[in-house]
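**Q** Residue numbers (the working numbering), protein chains in the order written: chain A, 33 to 335; chain B, 646 to 1018. Handing you this structure, nothing more for now.
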């Protein structure tokens, strides 16, 4: 209606726009997604674009020189640090994700197949870690793994070790453990949904045809739950690769990940263009890793 | 009891319209009038200057004068390292007062984010020890950029019972392979790079040369495998030292004073090569929105009471001459301080201002070393 009111020449009859929309389904669709599209533009594409643009700038003294060049990317190729850090981040995220998915699958399976009353309560309990902030969860792990922490005190108290184990905290393993715990709810829920959706009559049919419980699981339940597993994998893998808080707090010198370098570039190093370039490289890397995972998943399913 | 009666009446469905109206009115009146009850002060947080400072200085003890005058504390925002602070200010954060160190002054003042301080507006200025601010690069048209607040040393704090000192105290203690994985370090290049220069034997006036960069990087790379944690959070270092998780760490005066007060056997080393010495203080933002309040904050921070607190509770040198009357020479000796600050500052190595290019190169190299390269 407003469109019609705002365009005086040529004069459009009031009903024309409505009639046009009524006839063109595609335009109706565009109109409907317009608000979402606007938000996307402002909140995602614009920052992404400015990151891309900034990654081509450079620094001179304290000022940012706005002549585009690929120097930042070239510098990254020439230094082993970036490769090693990105590699380590991928490795940590991959291990943490695999561990989490493996641990969450039985949990989701139990709730989907063996819990019949108060399902919502069970799901709520599984997301319990998410009721406190991310930072607090990481800090809680510092208390658990610390030199005078819960675990060490218990070990010393039980006489398992004589002096506290220093290696528990400030290591790559600590980062993996904390990530695996902190993101668990992201893995449980998609897996639960895909398990819940499985038609139980398939399982009954398989039982009728003489399949035992294991064969039923491997031939029906597991393949049908794979979409959920893949979704869980992505939901957790993508944000953990660039995680910054966990390695900063429990990583120690050898557990630092690429997120920490990006933070340093935007923080103390005060080199925003280089930080932007590294962020772009990280985004591309994650996209490639995700693509590789998808392709492998396709191949596996076809075999 | 009245409330209970009414609740019972509600439950039984017997509450009269009149009684309900009365209760509702009582609730309404109390809701409206509670904010009018006398509070400790009527000044709102917006009326106070914001003090952007290191974590640990955001405490009421420094602001007796300010509170006496304005009724409430100023606002605080804290940071872990001066680089982080400057970066935040440059990206548009406005705080009336920031807290860098004297050797940062040329770099910070060149950003145009600060204004020189009109000392005529500070009632305690006459008592401030001139050696702490009267250097050419801190002055413009006779006005100082930085008002000194504390001075002290960056040295080694170590556990006397766990470290097993061999020979003299020295910077080599933080490179002692016997304690691999049980040594700590500050995280900011502003301290670490200079201390490593002392260890590497690089004189501070040559710290800008390529050879110096190589030497200092080499000693820092050598040290990294021995370090359990790099952090700007001195509380983390203090607790780790108290627990015996680490046996020695690079530290400021305050760590040792607070740990010793808790009965931890800890000592602030006087390395034979000399410690890193510094003076830090406040700079005034060029567009300080609460300039009058900001001047009162400055005045309070250089007061006698603030200086006494600095010396007694944190072990940092105070800047107000009067504060020294409350300490005997023996007290000062224990704290590693002196009535004549220049004596202590010159006995160690005092940071020399550097160019922005140097600073960038140093920070970049240092961040890479921390990450293992």
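All C-beta atoms in this analysis are idealised placements derived from N, C-alpha and C, irrespective of residue type, glycine included. Please read all numbers here as calculations on a predicted model, not as lab measurements.
(1) Specify, as a first and last residue, the run of the beta strand (DSSP E) that residue 926 of chain B falls within.
(2) Could you tell me which residues DSSP pairs with residue 895 of chain B in its beta bridges?
(3) Cα separation between residue 228 of chain A and residue 184 of chain A?
(4) Beta-carbon of residue 1008 of chain B versus every beta-carbon of chain A: anything under 7 Å?
(5) I want to verify the contact list: residues of chain B whose CB lies under 8 Å from the CB of residue 286 of chain A, in sequence order.
(6) Report the rounded CA-to-CA distance for residue 805 of chain B versus residue 104 of chain A, giving the unit in angstroms.
(7) Tell whether a beta-carbon distance below 7 Å holds between residue 904 of chain B and residue 871 of chain B.
(8) Quick one: grab the DSSP three-state call for residue 874 of chain B.
(9) Can a CB atom of chain B be found closer than 7 Å to the CB of residue 180 of chain A?
(10) Exposed or buried, what is residue 665 of chain B when buried is set at 16 or more other beta-carbons lying within 10 Å of its beta-carbon?
(11) Could you check the C-alpha separation between residue 917 of chain B and residue 819 of chain B for me, to the nearest Å?
(12) Start and end of the alpha helix (DSSP H) containing residue 95 of chain A?
(13) Mind pulling the chain A residues with CB within less than 9 Å of residue 728 of chain B?
(14) The beta strand (DSSP E) spanning residue 91 of chain A covers which residue range?
(15) Can you find a C-beta in chain A that's less than 7 Å from the C-beta of residue 872 of chain B?
(16) Taking C-beta pairs closer than 8 Å, name the residues in chain A that residue 869 of chain B reaches, listed in chain order.
(17) Skipping 5 residues on each side, what residues in its chain have a beta carbon closer than 6 Å to that of residue 949 of chain B?
(18) Just how far apart, CA to CA, sit residue 794 of chain B and residue 867 of chain B?
(19) With a threshold of 16 other CB atoms inside 10 Å of the CB of residue 273 of chain A, please say whether the residue is buried or exposed.
(20) Please report how far the alpha carbon of residue 798 of chain B lies from the alpha carbon of residue 982 of chain B, in whole angstroms.
(21) The alpha helix (DSSP H) with residue 141 of chain A in it runs from where to where?
(22) To the nearest whole angstrom, what separates the beta carbons of residue 270 of chain A and residue 318 of chain A, a pair I think is in contact under 8 Å?
(23) How about residue 113 of chain A: is its C-beta nearer than 7 Å to some C-beta of chain B?
(24) By DSSP, does residue 790 of chain B sit in helix, in strand, or in coil?
(25) Indicate whether at least one CB of chain B lies closer than 7 Å to the CB of residue 296 of chain A.
(26) Give a yes or no on whether 7 Å exceeds the smallest Cβ distance from residue 1023 of chain B to chain A.
(27) Kindly indicate which three-state DSSP category residue 714 of chain B falls into: helix, strand or coil?
(28) Taking Cβ to Cβ, would you say residue 282 of chain A is nearer than 7 Å to residue 187 of chain A?
(29) From which residue to which residue does the beta strand (DSSP E) around residue 830 of chain B run?
(30) Could you name the residues of chain A that residue 707 of chain B contacts, counting a contact when the two beta carbons are closer than 8 Å?
(31) Residue 732 of chain B CB to nearest chain A CB: under 7 Å?
(32) Looking at the structure shown, is residue 963 of chain B part of a helix, part of a strand, or coil, going by DSSP?
(33) Of all the CB atoms in chain A, is at least one closer than 7 Å to the CB of residue 932 of chain B?
(34) Going by beta-carbon coordinates alone, are residue 1011 of chain B and residue 839 of chain B separated by less than 7 Å?
(35) Residue 54 of chain A by DSSP, collapsed to three states: which one?
(36) Is the beta carbon of residue 714 of chain B closer than 7 Å to that of residue 937 of chain B?
**A** Let me lay it out:
(1) The residue you call residue 926 of chain B lines up with position 281 of the second chain. Where residue 926 of chain B is concerned, the enclosing beta strand (DSSP E) stretches over 921 to 930.
(2) The count along the second chain starts at 1 and reaches residue 895 of chain B at position 250. DSSP lists B:801 as partners of residue 895 of chain B.
(3) By one-based count along the first chain, residue 228 of chain A stands at place 196. By one-based count along the first chain, residue 184 of chain A stands at place 152. Rounded to the nearest angstrom, the two C-alpha atoms are 40 Å apart.
(4) Locating residue 1008 of chain B in the second chain gives position 363, where the first residue counts as 1. Chain A contact via Cβ: present.
(5) Walking along the first chain from the start, residue 286 of chain A turns up at place 254. Simply 1017.
(6) Residue numbering aside, residue 805 of chain B sits at position 160 when the second chain is read from its first letter. Residue numbering aside, residue 104 of chain A sits at position 72 when the first chain is read from its first letter. If I take the Cα positions, the gap works out to 48 Å.
(7) As a position in the second chain, residue 904 of chain B is number 259, starting the count at 1. As a position in the second chain, residue 871 of chain B is number 226, starting the count at 1. No, they are not a contact pair.
(8) On the second chain, residue 874 of chain B is found 229 positions in, with the first residue counted as 1. Correct three-state label for residue 874 of chain B: strand.
(9) Against the first chain, residue 180 of chain A aligns to sequence position 148. Residue 180 of chain A counts as touching chain B.
(10) For the purposes of this step, residue 665 of chain B is identified with residue 20 of the second chain, where counting begins at 1. Residue 665 of chain B comes out exposed.
(11) Taking the first residue of the second chain as position 1, residue 917 of chain B is located at position 272. Taking the first residue of the second chain as position 1, residue 819 of chain B is located at position 174. For residue 917 of chain B and residue 819 of chain B, the distance between alpha carbons rounds to 13 Å.
(12) One-based indexing of the first chain puts residue 95 of chain A at position 63. Run containing residue 95 of chain A: none in the alpha helix (DSSP H); it sits in the beta strand (DSSP E), 95 to 97.
(13) What you label residue 728 of chain B is simply residue 83 of the second chain in a count that begins at 1. Chain A residues near residue 728 of chain B: 299, 300, 301, 302.
(14) Translated into positions along the first chain, residue 91 of chain A becomes position 59. Here the beta strand (DSSP E) through residue 91 of chain A covers 90 to 92.
(15) Working through the second chain from its first residue, we reach residue 872 of chain B at position 227. Chain A, which has a Cβ nearer than 7 Å to the Cβ of residue 872 of chain B, makes this yes.
(16) On the second chain, residue 869 of chain B is found 224 positions in, with the first residue counted as 1. In chain order: 285.
(17) Along the second chain, read from residue 1 onward, the residue named residue 949 of chain B stands at position 304. Once the five neighbours on either side are set aside, the close Cβ partners of residue 949 of chain B are 965, 967, 968.
(18) Within the second chain, the letter at position 149 stands for residue 794 of chain B. Within the second chain, the letter at position 222 stands for residue 867 of chain B. The alpha-carbon atoms of residue 794 of chain B and residue 867 of chain B are separated by roughly 35 Å.
(19) Stepping through the first chain from its first residue, residue 273 of chain A is reached at position 241. Burial call: buried.
(20) Indexing the second chain from 1 puts residue 798 of chain B at position 153. Indexing the second chain from 1 puts residue 982 of chain B at position 337. Approximately 10 Å, taken between the alpha carbons.
(21) Along the first chain, read from residue 1 onward, the residue named residue 141 of chain A stands at position 109. Run containing residue 141 of chain A: 112 to 146, per the alpha helix (DSSP H) assignment.
(22) In the first chain, residue 270 of chain A corresponds to position 238, counting from 1. In the first chain, residue 318 of chain A corresponds to position 286, counting from 1. The pair is a contact, with the Cβ atoms about 6 Å apart (cut-off 8 Å).
(23) On the first chain, position 81 is the one that residue 113 of chain A refers to. Answer yes: the Cβ-Cβ gap between residue 113 of chain A and chain B drops below 7 Å somewhere.
(24) Start at 1 with the first residue of the second chain, and residue 790 of chain B comes out as number 145. Three-state DSSP puts residue 790 of chain B in coil, outside helix and strand.
(25) Numbered from 1 along the first chain, position 264 holds the residue referred to as residue 296 of chain A. Yes, residue 296 of chain A lies at the interface with chain B (some Cβ there is under 7 Å from its Cβ).
(26) Outside the modelled stretch of chain B, which goes from 646 to 1018, sits residue 1023 of chain B, for which no answer is possible.
(27) For the purposes of this step, residue 714 of chain B is taken as the residue at position 69 of the second chain. Helix.
(28) Taking the first chain and counting its residues from 1, the one referred to as residue 282 of chain A is at position 250. Taking the first chain and counting its residues from 1, the one referred to as residue 187 of chain A is at position 155. For residue 282 of chain A and residue 187 of chain A, no; Cβs fall outside 7 Å.
(29) Within the second chain, residue 830 of chain B is the residue found at index 185, counting from 1. Note, residue 830 of chain B: beta strand (DSSP E), 828 to 831.
(30) Taking the first residue of the second chain as position 1, residue 707 of chain B is located at position 62. The premise fails here: residue 707 of chain B is roughly 26 Å from chain A at the closest Cβ pair, so nothing lies under 8 Å.
(31) Translated into the one-based positions of the second chain, residue 732 of chain B becomes position 87. Interface residue, yes.
(32) Residue numbering aside, residue 963 of chain B sits at position 318 when the second chain is read from its first letter. It is coil, neither helix nor strand.
(33) Along the second chain, read from residue 1 onward, the residue named residue 932 of chain B stands at position 287. No, its Cβ sits nowhere closer than 7 Å to a Cβ of chain A.
(34) Working through the second chain from its first residue, we reach residue 1011 of chain B at position 366. Working through the second chain from its first residue, we reach residue 839 of chain B at position 194. Not closer than 7 Å, so no.
(35) Here residue 54 of chain A refers to the residue found at position 22 when the first chain is read from its first residue. It is helical.
(36) Start at 1 with the first residue of the second chain, and residue 937 of chain B comes out as number 292. Start at 1 with the first residue of the second chain, and residue 714 of chain B comes out as number 69. No. Outside cutoff.
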